[in-house]
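S.K.:
In this note's numbering, the protein residues as written are 1266 to 1398.
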């Protein structure tokens, strides 16, 4: 009851060869074959999800450049003599990113888009239920 690893046979065939030599292992061959089939199907689904996630990231990054908004608010400030005064200050927002620097807000928003999309795809891939045949 042993299997010889031959270079010209794929791994699946070696398992089948081993199962023919032993009586009880014939039942296990079917289980292994089903698992190998399910694994190959899962890998193709994972690849498709990863490719789609990267396409979504690229589209979202193109749209992010136009989605930044400029706002103004009043804030209190002090001059060199300690006198207080009110001044207008410009800030930027894009999604959940807010700040005084246009580029920093845009880069933070783009970083969040890429991370959330990729992590969502990762969680989807590894949270997939087993494929039933």
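Even glycine gets a Cβ: it sits at the ideal position worked out from N, Cα and C.
Here the structure is a predicted model, which means the values were calculated and not measured.
1. Determine the contact status of residue 1365 and residue 1376, defining contact as a CB-CB distance below 7 Å.
2. Would you identify the three-state DSSP class for residue 1349, choosing helix, strand or coil?
3. With a threshold of 6 Å, establish whether the CB of residue 1347 neighbours any heavy atom of the ligand NAD.
4. Pull the bridge partners of residue 1340 from the DSSP assignment, please.
5. Under 8 Å by Cβ, that's how I've got residue 1339 and residue 1353 pegged, so tell me the actual separation to the nearest angstrom.
6. Taking 7 Å as the cut-off, decide whether the C-beta atoms of residue 1325 and residue 1378 are in contact.
7. Among 1371, 1349, 1307 and 1382, which one has its Cα closest to the Cα of residue 1333?
8. Out of 1374, 1319 and 1308, which one is the CA nearest neighbour of residue 1383?
M.R.: According to the structure data:
1. no
2. strand
3. Within the structure as shown, the ligand NAD is missing, as the structure has no ligands at all.
4. In DSSP, residue 1340 forms a bridge with 1352.
5. 6 Å
6. yes
7. 1371
8. By alpha-carbon distance to residue 1383, the top candidate from 1374, 1319 and 1308 is 1319.
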